[in-house]
Amino acid sequence: METVQLLILVALLALLAEVTYLVVKLPRQTLSKKQGRPILVDTSVLIDGRIISVAKSGFIGDTLVIPRSVIGELQFLADNADHDKRARARYGLDVVTELQNMPQVTVEILQDGSKAEEGVDERLLSLAKKHGAAVCTIDYNLNKVAVVEGITVLNVNELAQSLRMAYLPGERMLLELVQKGQDSHQAVGYLPDGTMVVVEHSQKNIGKTIEVEFIRSLQTAAGKMMFAKPVEAKQSVVQPRQHKPAGQKPVRTPQPRTQAAPVVTPPPEAVVVAPKPVAAYHSDAQERHNAAKKPQHGPRQKPTHRPRKQRTSADREASLINLVDKQ
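Next up, the structure:
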């Protein structure tokens, strides 16, 4: 009898140990409310990856809940999408693993099914209403619908927008300089939110409000700081207008022109040609006729123009007598 009781006791202990193991190891289908408000993580946040930096900073004190349908969507994209989407989906799965390995972050996998027939967005909204959870997403449309449904939304883009610099390089503003900077030529002013602005070459303007242009910004663990330079006022030179009386044209003042000295060329020498008698013309015509009848041997040469000698009165009389004799 004692042996039977001992066996029953051992069996009960084994059954209790098995049930305890299953409760601990099997994934939970309900959310634990011991660690504050649960946060349902969307697919877009896992693909984006900035949730890792936020989690490392320690600002996530609640439990991150990743539905199984979200992981199923990442798996579907990693298997069936194009190259870019496959790479992003695989990166999202790596983000899930990295979040689980962080000791300061509590991550739970909610077994809601590997596939959401109504869509992952609708499944997230229904789970958030059911468990009173918030939704962490960067999807613009899902953000708007969740706000309409009265669900708390944690948007990483809004967080980054709130933490960015108030002024970007190239923007201008009026700034009051209140003290000297680290260098001898620097002056320091402060923005309305307390950000320090170091203005170069403005020590002489301490105590004044001047217009500055931001050059660059510096974000460190100690805070953020901006650097700027003063904007010099450019005075435009305005020429006075000349008032002219009505009905009259403006008088143009002649400008002196530099004239080149004229080149004086000496006049050609005058050549006096005496009138040629009629007999001389006949004599020249007869000579040209006789020369045309003579046979020409050899290549034809171009006649060379020789300067004609001035005939005297004796030559003209001789040619006239010769012409009369021939007639």
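Take 1165 as the starting number for the sequence shown in the working numbering and just add one per residue. Quick reminder that beta carbons are idealized off the backbone N, C-alpha and C, glycines included. These numbers were taken from a predicted model, which means no experiment stands behind them.
Inter-residue spacing [alpha-carbon to alpha-carbon] between residue i and residue j
i     : j     : result
G1225 : E1272 : 14 Å
S1278 : R1232 : 5 Å
I1315 : E1237 : 22 Å
D1246 : G1353 : 52 Å
P1333 : S1381 : 7 Å
F1223 : V1269 : 10 Å
V1401 : I1370 : Note that V1401 has pLDDT 43, beneath the 50 cutoff, so the model's placement of it is unreliable and the number below is only indicative. Cα to Cα, the separation comes out at about 29 Å.
E1286 : N1265 : 29 Å
V1342 : Q1325 : 29 Å
L1145 : V1361 : Since the first residue shown for the chain is 1165 and the last is 1491, residue 1145 is missing from the structure and cannot be characterised.
P1191 : P1267 : Note on P1191: pLDDT 48, under 50, position unreliable in the model; no value is reported.
L1248 : D1357 : In the sequence under discussion, the amino acid at residue 1248 is Asp, which differs from the Leu named in the question. For D1248 and D1357, the distance between alpha carbons rounds to 41 Å.
F1240 : T1261 : 17 Å
V1312 : K1293 : 12 Å
H1295 : L1323 : 24 Å
E1166 : R1254 : 60 Å
A1175 : R1252 : 50 Å
K1344 : T1359 : 16 Å
T1384 : E1282 : 45 Å
Beta-carbon gap between residue i and residue j smaller than 8 Å
i     : j     : result
L1288 : L1204 : yes
D1206 : L1327 : no
K1388 : E1377 : no
L1291 : D1276 : yes
Q1350 : E1340 : no
A1280 : R1201 : no
L1318 : V1259 : no
I1172 : V1320 : no
R1336 : V1395 : yes
L1263 : A1330 : no
F1391 : I1374 : no
V1309 : V1234 : no
S1208 : T1301 : yes
L1179 : I1230 : no
DSSP bridge partner residues for residue i (one or two, in chain order)
i     : result
I1273 : I1230
M1389 : M1360, L1382
Q1343 : V1352
I1374 : L1339
P1333 : None; P1333 has no bridge partner.
P1394 : V1376
A1298 : I1203
V1317 : V1299
is_contact[residue i, chain B] using C-beta, thresh 8 Å
i     : result
V1299 : Structure shown: chain B not included; a single protein chain is present.
Same chain, Cβ closer than 6 Å to residue i, five either side skipped, listed in chain order
i     : result
L1177 : none
A1181 : none
L1338 : T1373, E1375
Own chain, CB closer than 8 Å to residue i, minus 5 neighbours either side, in chain order
i     : result
D1243 : R1250
S1348 : Q1367
Closer than 7 Å: residue i CB and nearest the ligand SAH heavy atom
i     : result
L1257 : The ligand SAH is not part of this structure, which contains no ligands at all.
Residues of its chain near residue i, where Cβ-Cβ distance is below 7 Å and the 5 sequence neighbours each way are ignored
i     : result
E1433 : With a pLDDT of 48 at E1433, under the threshold of 50, the modelled position of this residue cannot be trusted; read the value that follows with caution. Within the same chain, E1433 has no close Cβ partners at all.
A1212 : Rather than Ala, the amino acid found at residue 1212 in this sequence is Asp. Excluding positions up to five away in sequence, the list reads I1302, V1320.
L1355 : A1330, V1361
K1372 : L1341
Whole runs of the alpha helix (DSSP H) within the region 1198-1261, excluding any shorter than 4 residues: Correct list: 1207-1212, 1215-1220, 1232-1244.
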